[in-house]
Structure formats: structure tokens, C-alpha cells
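For the record, the sequence lines run as chains A and B.
If you read the first sequence in my numbering, its first letter stands for residue 55, the second for the next number, and so on.
If you read the second sequence in my numbering, its first letter stands for residue 2, the second for the next number, and so on.
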Amino acid sequence: MARYILGRLLSAIPTLFLIVTISFFLIRVAPGGPFDLERPLEAKVMENLQRIYQLDKPLWQQYLLYLKSVASGDFGPSFYFRDFSINELFAASLPISITLGASALLLALVVGGFMGMIAALRQNRSTDYAMMTAATIGVTIPNFVVAPLLTLFFGVWLGLLPVGGWNNGAAQNMILPIITLALPQIAVVARLTRGSMIEALRSNHVRTARAYGLSNYAVVVVHSLRGAILPVISYLGPAAAALLTGSVVIETIFGIPGIGRYFVQGALNRDYTLVMGTVVVVAVFVIVFNLIVDVLYALLDPRVRYD
Amino acid sequence: MTGAKTMDGGAVLDIRGLTVDFDTPTGTVKAVRGVDIAVSKGETVAVVGESGSGKSQTMMAAMGLLAQNGRTKGKVLYRGDDILGLPARRLNRIRGAKITMIFQEPMTSLDPLYTIERQLCEPMVEHGGYSWSAARKRALELLQLVQIPSPERKLKGFPHELSGGQRQRVMIAMALANDPDVLIADEPTTALDVTTQARILELLADLQKRLGMAVVFITHDLGIVRQIADRVYVMKDGEVLEEGEAESLLKAPKHPYTKMLLDAEPEGRKGPVPDSRPILLEGQKLSVAFDLGGGFLKAPQVLKAVDDVTLTVREGQTLGIVGESGSGKSTLGRALLQLLPHQGRVRFSGHDISNADKREMRPLRREMQLVFQDPFGSLSPRMTVGQIVTEGLLVHEPQLSAKDRDRRACEVLEEVSLDPAMRNRYPHEFSGGQRQRIAIARTMVLKPKLVVLDEPTSALDRTIQKQIVELLRKLQRDHGLTYLFISHDLAIVRALADRVMVMQHGRIVEAGETEAIFEHPVQDYTRELIAAAWQNLEPVGGN
Chain A
55 MARYILGRLL
65 SAIPTLFLIV
75 TISFFLIRVA
85 PGGPFDLERP
95 LEAKVMENLQ
105 RIYQLDKPLW
115 QQYLLYLKSV
125 ASGDFGPSFY
135 FRDFSINELF
145 AASLPISITL
155 GASALLLALV
165 VGGFMGMIAA
175 LRQNRSTDYA
185 MMTAATIGVT
195 IPNFVVAPLL
205 TLFFGVWLGL
215 LPVGGWNNGA
225 AQNMILPIIT
235 LALPQIAVVA
245 RLTRGSMIEA
255 LRSNHVRTAR
265 AYGLSNYAVV
275 VVHSLRGAIL
285 PVISYLGPAA
295 AALLTGSVVI
305 ETIFGIPGIG
315 RYFVQGALNR
325 DYTLVMGTVV
335 VVAVFVIVFN
345 LIVDVLYALL
355 DPRVRYD
Chain B
2 MTGAKTMDGG
12 AVLDIRGLTV
22 DFDTPTGTVK
32 AVRGVDIAVS
42 KGETVAVVGE
52 SGSGKSQTMM
62 AAMGLLAQNG
72 RTKGKVLYRG
82 DDILGLPARR
92 LNRIRGAKIT
102 MIFQEPMTSL
112 DPLYTIERQL
122 CEPMVEHGGY
132 SWSAARKRAL
142 ELLQLVQIPS
152 PERKLKGFPH
162 ELSGGQRQRV
172 MIAMALANDP
182 DVLIADEPTT
192 ALDVTTQARI
202 LELLADLQKR
212 LGMAVVFITH
222 DLGIVRQIAD
232 RVYVMKDGEV
242 LEEGEAESLL
252 KAPKHPYTKM
262 LLDAEPEGRK
272 GPVPDSRPIL
282 LEGQKLSVAF
292 DLGGGFLKAP
302 QVLKAVDDVT
312 LTVREGQTLG
322 IVGESGSGKS
332 TLGRALLQLL
342 PHQGRVRFSG
352 HDISNADKRE
362 MRPLRREMQL
372 VFQDPFGSLS
382 PRMTVGQIVT
392 EGLLVHEPQL
402 SAKDRDRRAC
412 EVLEEVSLDP
422 AMRNRYPHEF
432 SGGQRQRIAI
442 ARTMVLKPKL
452 VVLDEPTSAL
462 DRTIQKQIVE
472 LLRKLQRDHG
482 LTYLFISHDL
492 AIVRALADRV
502 MVMQHGRIVE
512 AGETEAIFEH
522 PVQDYTRELI
532 AAAWQNLEPV
542 GGN
């Protein structure tokens, strides 16, 4: 297993290299540059800026310089947030986004998994229909609609929770963003769990468990749910990526200083290093999560072996 | 023969007036219509019937294991107490403790995610008052009892690491764990090879003798009934048609259906073909190897599915190729038809067709046809029977008009005893036997010389099998066909083939004229196969 994990991590290097290369040249193809303002800067000032940020060098040299610094873990200086390096920006914002995303993912797994299980056990009865209708609504209503509605209700009318801000990660500030972020994931997890749970409940080995008079808990949780959770596990990879990118809207609406807003700001301001930094961070997340998914799979299903 | 021959008043399990209805979108299906079945201590009762007779559903309903849309009425008395419709909590004191079950599907009846040990111990801890450590000790004893090799290692293993026969042994161990009063075995050997079947039956009979429980054995196989049952219930369409002591019922059945079932053993023999007949198909030193991976740093792993096989088939001959699953008999058939790359030479009506490409093969293809085992999977569900049957004509006789093809479809359907008026229907509207007729019609429409029949009767009930055998015989007579008949079913091979070839591990074990092989087998493996197939006639030897 350790060998397998090491192999996967090594194979991530060429993947990351490709991602960095493609996005490096793609962003440069986009018209405009980091220092293009509505009123153009003086030629001398522009020249100085370009030289400081090494934008005056040929593109291939810039590319090599960037590769070198990324390889040593340095994402370079931000072009827009002067005085800040990308590393500094991320050091402040990434933990916030990870806290939000991980909490939302956990919430989605627990609530969605539970809903799906109950729906499967009450298949084609009113509880099932209610759960699945709720799940459909959860998927279809976009988060930029859910977020203001929740703020209006809990923040403005009831005055129970703050309408926005981070407040150094106070619990009450996190509740609404996490719920908003988790809602569509809860819906997906619930639907996935329901489907695979229904299949599991009909399987021959669950019939065996029933025929041998095992308790309801053993039949449902031990022999059905564990197998039924496997498809949900494989959804974790894409879910993690969706949570990270989904945070763009949430962080903007709730005014949270996470990494999400840099996606948009970086691109709009042609802040090359910021864009590149976020791309690399997201890529690493997706790669690591897919690896975690595969390892979890092997731990849960003895038929899966990586040697 | 074991145990009590007659039923006294003290039935352990007594099913009375049991009905099972299923609610389906198209209305209620009455699967079981008032069935009475009783079994006493130490007795083995067989419930016999073809697929759809309701024999399994009766037992599933009695144990509260029906699908959600099933409804049950009647009484199920266990030692005098009605257990039908008990809440799960109370029923669970009996299921898995007093009454246990073995199922038809050994491959899927165990949970793939847990070790054998864990699954064996669960019911013991739940019902038997065992601690986990005591249960583990007993689990080991049980695996020894059901004769699983290296039981300590198997306990720590997972179901996918065991063969089908071993998994069924684990199920039997599980069924015996809590010393049950009644063991319900639902077609426990159907999914297994004949030699494995024989050993499992032997084991069950032996265990019953030693432990004295009552056994309800659900089966479609009268050979098994003859071997193990004290009493028999014959079921059809959800009703018990006849019941009685096994010996007398099998000797003198009263109900015409029972007579038909008993009569369903394929009959007749085929005389040998004279050596003067020209050779149609010839295979020399054929080998087929499958690459199992490896390569680069690892040593390449190769499975020799067919290993140095030489055979000749004369015109009008039927060569039966028999062997258990994995013996390479289907692979050999496919290699002969050039559907798999192989080593060695193949000659077909004078042409060397070894590894010929598609274009070279096309004109010969119509003369060599293939019928598959699975009558459900091998017909396209989106084509009408007429289209399926005449599809080959589009390739081999493109000059035919649609009208001509339709006429040919009618002719060939009539030839296989299907109503030509049904040619515009779709496969799902036909039964398994009818579908196999359609599959045969599809090959016959091209007027082939050689037909390779790959287990064409294995998925069918005995009575239907007999009809297919008759059909194949008639077609051979009318058209001078040559058959390569691949099967694990020795009774059918004996009825159809004039030559037999026994395969094991990709090699020919023994070959010769059918009667000679069946009457005087030379090799041990052949003897074992034959003994297993006719276990009702002679005792089974070996381990």
C-alpha cells in the first residue's frame, strides 16, 4: 500500500507540470496585462514595473523562472496586491477555505448519507418521496439564491446569526456559509446513497443476513450500508473540488476572506502569479483527494488491492 | 436413504395453506396458491418443480424473506407455533437459530466485505450465546466439519478468495452453526460443477445422518431427489400436484406432470458415422493461451486454456465435448471457428483456415454457425424475431428482397416448430426454450454444414431440454448437419453425440465413441464425471 501511495504521488508530478505549463501560457494569451489601467501608466513607470516583475524577459525565460520558483514552493509576488507574496496571501486565506470546505463535506456526508439510508429503507413511501424532493430542490436552487435567503431569514428577521464576516472563525459566523456550501452536496450524497443502498438491500448476501436472523442494525448498517457507501466514497474526489470552487460565490456573499475570491480577482486583474497559484492549489487538492478516495476504497473493499 | 420414512404427527415445520401474491404494475401475480408442506425430525423432504413453480417462493415466504411487494397468507407452524407474520424481532429467534437456509447462489450469498470468520460467527453470537472467541473456535470446527482445505487460512480470507464449492461449504457451515432443527436448502448445487455437486450432496446427506435435523431440499433435479429424499412434493404453478414417499412416487407417479418430469431424461442414442464419410473439420495441435498480465519487470503469466488438442469431425457426426467449467471446452469451440487467435492448424471442408482473416472467413462463415448458452443475452432485444433470424441473410445473400427474406423467416421458424405469425414480436415475449429455438433458427436459415452448440440447453428446464434435443436431432437428420456439442451435461451428450471428448485443464483426457466412453471409461476423471452425473444409479466414489 505504501508503495502504491508513493507511486501515485510521484505520478502527480508530471500531471502538475502539465497543468502549470498549460495554464501559464493560457493566461498569457488573454489580452491585457497586470498593469494595464484605464489611464495608461507613463512609459517609464511601466518599464520599471515590468523589469521588477521580470515581465520584460522573453516568455520562455519567464516560464523557466516560474517553474523554478514553483518547484521550490515559492509562488512569487502578487502583481495586484503589491507588498504581498502569493504564499502570504494563501497562508492567510487557505486555512479559512479548508475549514469551510471540510466542514461542509463532513456535513454533506453525515446528513446526506443518513437521508439516503432512510429513503432507501422507506423506498416508495412518503418519507422517501419527501427526502428525494428535498434533495432535488437542494441541487436545483443555486447557492447565490440560498445564501441571501438564509441571511435574510436567520440574520435579518430572526437576528440569530451574523449576516456576514469571518470574525476570526467564530462558530456563529461559520454556520450559514457551511450550510449553504453543503446543501447541494447533501442532495447528491443522499441520492447516491439511496440508489446504492436499495441495491444493497436487495442483494443476496443481505438476504443471507436476514435469513440468519441478524439484528436490524447488522442487516442495515453492517451488511448494507458499508457496501452502499462505496459509490459515495468515489464521489468524494469531485465533491472536494466542487466545494473549493463553490466557495467563490459563498465567500463573496458572506464576506469571508478565503481563497475563493482570489479566483475571480486574480483573473480579472491579470494577476498572473495569483491565477497560477490558485490553479496549482486546486490541482493539488483534486489529486490528493482522488488518492484518498482510492486508498479508502481499498480499506473498505477487500476485493480492491493495489499491489 | 436416511431418517424416517413416514410422516408422523410431530412435524417440525408444517406449512399449511400458504399463498403468496406479488403486486406488480400489471396486476397481482399469484406465485403460490395454497401449499401444504410438512417435514419431520430427521427427514429429508424434496420440493421439486421447474422454474416458476413457486417452490422457492414458498420457502422464502415461510421465512419472511419475500420481496417488498409480496404478500403471504396461511400458516407456518414451527413446533406447533405459527411463525408467519411474526414481527422481525421474534422471528429472528428462529431464523438462523432453529431454521437455517442455504441458497442457490454461492457466489453472492456471502458479504464480499467481511471475512469468512466474521460471517460465520455473527449468527452464533446473535443466537447461540457464544462469545466472539468461543464462536471463532467453533467456526474452525465447522469448517473442518464441511471439509474445507486449510480452514485456519480460509477463516481469515474473504469470499472472493474461495471457489463456488468452497463458498457453498461455508454456507453449510453457517447453517449448521447453531444446531438447527430444520435446514432449508434452495437448489444448493445448481450453480456448481457436477463433481462439486456430488461432493456437496454427499456432505449434506452425511451431516444430516449425524446431526439428525430435518431437511427441506428445493430442486428441479430428479436425480438429486432420488439420491437424498425420503418424501417428495411436486409443484407446478404454485400448487402441490403430488406428494408421497420418494421411492414409490418416482417409481409409480400418479400425476401426468410428474410422469412428464420423470420422462424428461433425454432419450435415444446416435449411431456412429462410418469412416468413409469425408472429414469436415480438423484441428491439429490447437493451443489457446490467455495473457494474464505480468510483462515488464514481472514474469509474464499465461493461462493455457486449450493445450495441444487434436480432433477430427466427419460429416454428419456429432462430437460431444464435455468438461467442467474452466476446462477449455468453449474456448476450443471458438478457436475452431476462428473467433479466437490460436496456435496449430484448423482445416474446414478442405480449406486451411488457421488464423484466417475476416475477409477470407466470410464465405465460410455461413457454413459454420454458433449457438450460445444464454438464450436471454444472445438475442438483440430491439429487433423482431424475423429480423434476428434473417440478419445473416443480409450478409450472405444480399440479393434477396425483403419479401424473400420474410418468406425464409417463415420457413425456418416453422422448421424449429415456432409459429411464423410470431416473427414480428420481440425476444422478451418468448420463453427460454422458445428463444433457444429462435437462436437455432438464426443459424439454420443460412443452411450451414457445421453448428457449434455451446451449452445450448444449460439454462433450460429438463422438459424443455428434451424438446431441444429432439429438435436438434430432427434438424441433423433433415439436413445432414454436423454438430460440435459443448456441454457439461453428460445425459444430453450421451443422447445426442456419437463421439465424445472429455476435457480437463485444456487437455483431452479421453476421447472415443460415446457408448464406449460411457460404458467403459478408462480415465479416473471420466469415471468421476460419469459417477457424478448418474449418482442416482450408483454410489459416488472418491473424496
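In this text, a Cβ means the ideal position worked out from N, Cα and C, and glycines have one as well.
No experiment lies behind these values; they were computed from the predicted model shown.
Hey, quick one: how far does the beta strand (DSSP E) through residue i stretch, first residue to last?
i, result
"residue 505 (chain B)", "500 to 505"
"residue 37 (chain B)", "28 to 41"
"residue 451 (chain B)", "451 to 455"
"residue 290 (chain B)", "280 to 292"
"residue 79 (chain B)", "71 to 79"
"residue 363 (chain B)", "Careful: residue 363 (chain B) lies outside any beta strand (DSSP E), inside the alpha helix (DSSP H) at 359 to 366."
"residue 349 (chain B)", "344 to 349"
"residue 100 (chain A)", "Element bounds for residue 100 (chain A): not the beta strand (DSSP E) but the alpha helix (DSSP H), 97 to 106."
"residue 158 (chain A)", "First-last for residue 158 (chain A): 140 to 161, but that is the alpha helix (DSSP H), not the beta strand (DSSP E)."
Could you check whether residue j and residue i sit closer than 8 angstroms to each other, using their CB atoms as the reference points?
i, j, result
"residue 140 (chain A)", "residue 262 (chain A)", "no"
"residue 230 (chain B)", "residue 183 (chain B)", "no"
"residue 170 (chain A)", "residue 324 (chain A)", "no"
"residue 153 (chain B)", "residue 143 (chain B)", "no"
"residue 345 (chain A)", "residue 155 (chain A)", "no"
"residue 235 (chain A)", "residue 304 (chain A)", "yes"
"residue 336 (chain A)", "residue 144 (chain A)", "no"
"residue 195 (chain B)", "residue 489 (chain B)", "yes"
"residue 320 (chain B)", "residue 284 (chain B)", "no"
"residue 275 (chain A)", "residue 260 (chain A)", "no"
"residue 147 (chain B)", "residue 178 (chain B)", "no"
"residue 89 (chain A)", "residue 117 (chain A)", "no"
"residue 265 (chain B)", "residue 56 (chain B)", "no"
"residue 441 (chain B)", "residue 417 (chain B)", "yes"
"residue 185 (chain A)", "residue 172 (chain A)", "yes"
"residue 151 (chain A)", "residue 312 (chain A)", "yes"
Label residue i either buried or exposed according to how many other C-beta atoms from any shown protein chain fall within 10 Å of its C-beta, with 16 as the threshold for buried.
i, result
"residue 445 (chain B)", "buried"
"residue 161 (chain B)", "exposed"
"residue 55 (chain A)", "exposed"
"residue 115 (chain B)", "buried"
"residue 256 (chain A)", "exposed"
"residue 197 (chain A)", "buried"
"residue 113 (chain A)", "exposed"
"residue 395 (chain B)", "exposed"
"residue 65 (chain A)", "exposed"
"residue 160 (chain A)", "exposed"
"residue 102 (chain A)", "exposed"
"residue 200 (chain A)", "buried"
"residue 542 (chain B)", "Note that residue 542 (chain B) has pLDDT 35, beneath the 50 cutoff, so the model's placement of it is unreliable and the number below is only indicative. Residue 542 (chain B) should be labelled exposed."
"residue 115 (chain A)", "exposed"
Is there at least one Cβ from chain A nearer than 8 angstroms to residue i's Cβ?
i, result
"residue 89 (chain B)", "yes"
"residue 20 (chain B)", "no"
"residue 14 (chain B)", "no"
"residue 111 (chain B)", "yes"
"residue 97 (chain B)", "yes"
"residue 409 (chain B)", "no"
"residue 214 (chain B)", "no"
"residue 1 (chain B)", "No answer is possible for residue 1 (chain B): it lies beyond the span of chain B, which begins at 2 and ends at 544."
"residue 104 (chain B)", "yes"
At what residues does the alpha helix (DSSP H) containing residue i begin and finish?
i, result
"residue 203 (chain B)", "195 to 212"
"residue 182 (chain A)", "180 to 194"
"residue 343 (chain A)", "326 to 354"
"residue 407 (chain B)", "403 to 416"
Can you find a CB in chain B that lies within less than 8 angstroms of the CB of residue i?
i, result
"residue 202 (chain A)", "no"
"residue 269 (chain A)", "yes"
"residue 287 (chain A)", "no"
"residue 272 (chain A)", "yes"
"residue 180 (chain A)", "no"
Using a Cβ cut-off of 8 angstroms, pull out every chain C residue sitting near residue i, in sequence order please.
i, result
"residue 124 (chain B)", "No chain C is part of this structure, whose protein chains are labelled A and B."
Exercise for review: Write down every uninterrupted run of the beta strand (DSSP E) in the stretch 90 to 119 of chain B whose length is 3 residues or greater and which is fully enclosed by it, in chain order.
Suggested key: 100 to 103
Review point. What beta strand (DSSP E) runs, 3 residues minimum, are completely inside the stretch 234 to 302 of chain A?
Key: none
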